[in-house]
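Participant: Attaching a single structure in structure tokens format; questions to follow.
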Amino acid sequence: MPLDSVTLGAVVLAALVFAYTNGFHDAPNSLATAVSTRTLGPRAAVIMAAVMNVIGAFLGEGVARTISRDIIHPPEGTGGAAVLLAALIGAIAWNVATWSKGMPSSSSHALVGGMIGAALASATTVEWRGVASDFALPMVVSPLIGGLLGYGAMLAILWLFRRTNVRRITRNFKIAQSASAAAMALGHGLQDAQKTMGVVVLALVTTGYQNSYDVPLWTVCAAAGAMALGTLTGGWRIMRTLGRRVIQLDAPRGFAAESTVAAVSYATSFIWQVPVSNTHLITSAIVGVGATRRLSAVRWGMAGNIVVVWLATVPGAAVVAAAAYVLLSTALPI
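First residue of the sequence shown? That's 69 in the numbering used here, and the numbers climb one at a time after it.
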């Protein structure tokens with residue numbers, strides 16, 4: 069079997085492992101608020117999220133094209149496949165490490181960090197303009213937007229229902245939160261499954277098995293299935309961090325946070341076609357809705373720890389990916 073085919077198979081397998089870790093690592097983002105407010109039971113929430121992740125994966129490929137075309141340009145053949153394999157190893161390692169600590173971090177940023185680290189180690193071209201416009205800018209702006217929109221949405225809810233019985237409004241918002249949790253899980257599938265697709269497409273182009281950046285149907289199905297399987301395995305460590313250790317949520321605040329994340333996910337996927345982190349969005353939205361109660365209601369120490377992990381994600385995954393490339397380059401005739 070040609071070496072290019074072997075390395076391509078390794079990249080596809082690693083991409084599916086990444087999608088799996090993305091599922092169990094990022095699934096708590098769409099489950100934490102609904103489970104912590106007791107709107108959904110853990111089992112029902114996991115099944116709902118897995119189904120919506122799969123549906124979301126089939127709704128677009130704009131983000132996949134951005135990942136495959138605008139971040140790095142690996143060389144053709146085995147060398148390019150090795151770069152992508154190292155990038156995925158870096159992202160997977162970071163996902164597993166942060167999951168083991170129960171800390172929410174961005175699988176998207178781990179992937180891009182891994183791509184940059186492997187590219188730098190291999191002297192591969194990095195599209196810094198694309199990194200700045202399609203990754204760095206959304207990375208900075210999206211959490212700010214999530215926090216502000218979450219804060220504004222919760223203020224609007226408090227004003228609209230200021231004369232309503234508290235017990236009645238909580239009961240009704242639990243019903244509404246079921247829909248908003250599903251919408252957020254759909255946005256997670258729409259955003260994050262496409263990132264796996266983008267890497268696979270780039271590997272296909274790099275090894276000469278495909279000329280265009282179109283996403284094959286089998287790639288969509290494989291990425292969706294791997295992410296759904298990861299989602300079904302849960303991710304309770306991170307769920308506890310988001311749902312209880314940042315702020316104690318109620319149903320109206322959960323609805324406001326989830327609706328905010330869903331809206332931003334759809335806009336960035338369909339309009340701007342740029343990757344954003346659902347992890348960053350839901351965490352900042354939770355902080356935003358919590359701040360409407362009082363600033364002291366937010367556990368700022370835990371929020372600060374999460375921000376530190378966010379800042380460390382890109383360089384951390386990049387270092388691991390660079391080391392992985394060095395090891396691969398000694399084992400393969402690159």
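Cβ atoms here follow ideal geometry from the backbone N, Cα and C, with glycine treated the same way.
Rounded to the nearest angstrom, what separates A221 and T134 at their Cα positions?
Facilitator: In the sequence shown, the residue the question calls residue 221 occupies position 153. In the sequence shown, the residue the question calls residue 134 occupies position 66. Approximately 30 Å, taken between the alpha carbons.
Participant: Excluding the five sequence neighbours on either side, which residues of its own chain have a C-beta within less than 7 Å of the C-beta of V122, listed in chain order?
Facilitator: What you label residue 122 is simply residue 54 of the sequence shown in a count that begins at 1. G257, A292, A296, listed in sequence order.
Participant: Report buried or exposed for K263, applying the criterion of at least 16 other Cβ atoms within 10 angstroms of its Cβ.
Facilitator: Within the sequence shown, numbered from 1, the residue matching residue 263 stands at position 195. Buried, since its Cβ has 16 or more Cβ neighbours within 10 Å.
Participant: The ligand ATP and A389: does the residue's C-beta get closer than 7 Å to at least one heavy atom of that ligand?
Facilitator: Inclusion of the ligand ATP in the displayed structure is not the case, the ligand content being empty and no account of it being possible.
Participant: I want to know whether the segment 266–273 touches the segment 145–164 - three or more CB-CB distances under 8 Å.
Facilitator: Judged by Cβ distances under 8 Å, the segment 266–273 makes contact with the segment 145–164, as three or more pairs qualify.
Participant: Going by DSSP in three states, A296 sits in which element: helix, strand or coil?
Facilitator: Taking the first residue of the sequence shown as 1, we reach residue 296 at position 228. Residue state, collapsed to three classes: helix.
Participant: Runs of 4 residues minimum, wholly inside the segment 130–177: which ones carry the alpha helix (DSSP H) assignment?
Facilitator: Segments of the alpha helix (DSSP H) lying fully in the segment 130–177: 130–137, 146–168.
Participant: So T336 and A353 are supposed to be a Cβ contact under 8 Å. How far apart are they, rounded?
Facilitator: Counting from one through the sequence shown, the residue named residue 336 turns up at place 268. Counting from one through the sequence shown, the residue named residue 353 turns up at place 285. Contact doesn't hold; Cβ gap of about 14 Å is too wide.
Participant: So, helix, strand or coil for T398, using DSSP?
Facilitator: Stepping through the sequence shown from its first residue, residue 398 is reached at position 330. It is helical.
Participant: Please go through the same chain and pick out, in chain order, the residues whose beta-carbon is closer than 7 Å to the beta-carbon of G198, but skip the five residues on each side of it.
Facilitator: The residue labelled residue 198 in the question sits at position 130 within the sequence shown. Hits under 7 Å: D138, I139.
Participant: Using a Cβ-Cβ cutoff of less than 8 Å, which residues in the same chain neighbour F229 once the five nearest sequence positions on both sides are dropped?
Facilitator: In the sequence shown, residue 229 corresponds to position 161, counting from 1. So the qualifying residues of the chain are I237, P320.
Participant: So what's T264 in DSSP terms, helix, strand or just coil?
Facilitator: Position 196 of the sequence shown, counting from 1, holds the residue named residue 264. Helix.
Participant: Run through DSSP, which three-state label would T193 get?
Facilitator: On the sequence shown, residue 193 is found 125 positions in, with the first residue counted as 1. DSSP places T193 in strand when its eight states are reduced to three.
Participant: With H, G and I counted as helix, E and B as strand and the rest as coil, what does DSSP make of R235?
Facilitator: Residue mapping note: residue 235 aligns to position 167 of the sequence shown, counting from 1. Residue state, collapsed to three classes: helix.
Participant: List in chain order: all unbroken alpha helix (DSSP H) runs of 4+ residues lying wholly within the segment 313–351.
Facilitator: Runs of the alpha helix (DSSP H) inside the segment 313–351: 319–335.
Participant: Rounded to whole angstroms, what is the Cα-Cα separation between S175 and S201?
Facilitator: One-based indexing of the sequence shown puts residue 175 at position 107. One-based indexing of the sequence shown puts residue 201 at position 133. Answer to the nearest angstrom: the Cα atoms are 19 Å apart.
Participant: So, at 6 Å on beta carbons, what are the nonlocal neighbours of H141 in its own chain, with the 5 sequence-adjacent residues on each side left out?
Facilitator: Sequence index remark: in the sequence shown, residue 141 carries index 73 (1-based). The residues are T193.
Participant: Would you identify the three-state DSSP class for L108, choosing helix, strand or coil?
Facilitator: Counting from 1 along the sequence shown, the entry for residue 108 is found at position 40. Three-state DSSP puts L108 in coil, outside helix and strand.
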